[in-house]
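Enquirer: For reference, the structure I am asking about is given below.
Residue numbers (UniProt numbering): 1 to 199.
Below, the structure written as structure tokens:
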């Protein structure tokens, strides 16, 4: 039980830190912890989901505070949000489907900070953000814990399950990041072509 508790505390700290400093692979941490927990006691996976969601939630609140505080300066640094049309589209999506947009932004590498920044720039109320972000964090944690359980189902040893879960998450993240970059490059080319035609 002590090992499980220390794993959960470690996970909570890592995911909270990773939500504020987006270079830490938080999804891989949740998947690895879930794979490890499944070998100890399958019910402990639920605790992993809760710890992962809690860390993501606290980290998102901190990141949202940073976005609210330095919104305009951050927006100028992010090429993705410099285009007023893109920002307006994001604001519209956030207004219509807040939970799903927050969830998808968590699942896509590099998608969370621009969405939080767009929410801050559109003036999304703190209370509203806190309520809509909770289910998004819980779903995100459950998805990555599910990847960890997949590793547990395939490999007999805990270390094999953890390694498999982490590698699978990194593979998925890199693939989706590559697809996202290609789409963004295609959109930029289309915009440049449209501007040339207008000129």
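No residue lacks a Cβ here, since even glycine has one placed at the ideal position from N, Cα and C.
Where do the N-terminal and C-terminal ends of the alpha helix (DSSP H) with residue 114 fall, by residue?
Expert: 112–121 is the span of the alpha helix (DSSP H), which, as asked, contains residue 114.
Enquirer: Identify, in the order they occur along the chain, each residue of the same chain with its Cβ nearer than 6 Å to the Cβ of residue 138, setting aside the five sequence neighbours on each side.
Expert: Counting only Cβ-Cβ distances below 6 Å, and skipping sequence neighbours, we find 53.
Enquirer: Tell me which residues share the same chain as residue 20 and place their Cβ nearer than 7 Å to its Cβ, disregarding the 5 neighbours each side in the sequence.
Expert: For residue 20, where only same-chain residues beyond five positions count, the Cβ hits under 7 Å are 59, 62, 63.
Enquirer: From what residue to what residue does the alpha helix (DSSP H) around residue 30 run?
Expert: Residue 30 -> alpha helix (DSSP H) spans 26–40.
Enquirer: With 16 other CB atoms within 10 Å as the buried threshold, where does residue 42 fall?
Expert: It counts as exposed.
Enquirer: Is it the case that the Cβ atoms of residue 33 and residue 13 are separated by a distance below 8 Å?
Expert: Not in contact: residue 33 and residue 13 (Cβ atoms no closer than 8 Å).
Enquirer: With a CB to CB cut of under 7 Å and the five nearest residues on each side skipped, what residues in its chain are close to residue 24?
Expert: Closer than 7 Å at Cβ, skipping near neighbours: 14, 17, 18.
Enquirer: So, at 7 Å on beta carbons, what are the nonlocal neighbours of residue 103 in its own chain, with the 5 sequence-adjacent residues on each side left out?
Expert: Hits under 7 Å: 136, 139, 140.
Enquirer: On the premise that residue 11 lies in contact with residue 35, defined as a C-beta separation below 8 Å, what is that separation, rounded to the nearest angstrom?
Expert: In fact, because the Cβ distance is near 12 Å, the residues do not count as touching under 8 Å.
Enquirer: Would you report the Cα separation of residue 112 and residue 39, rounded to the nearest angstrom?
Expert: Taking the straight line from one Cα to the other gives about 31 Å.
Enquirer: When you compare only the Cα positions, how much space is there between residue 31 and residue 101?
Expert: Cα-Cα distance, rounded: 22 Å.
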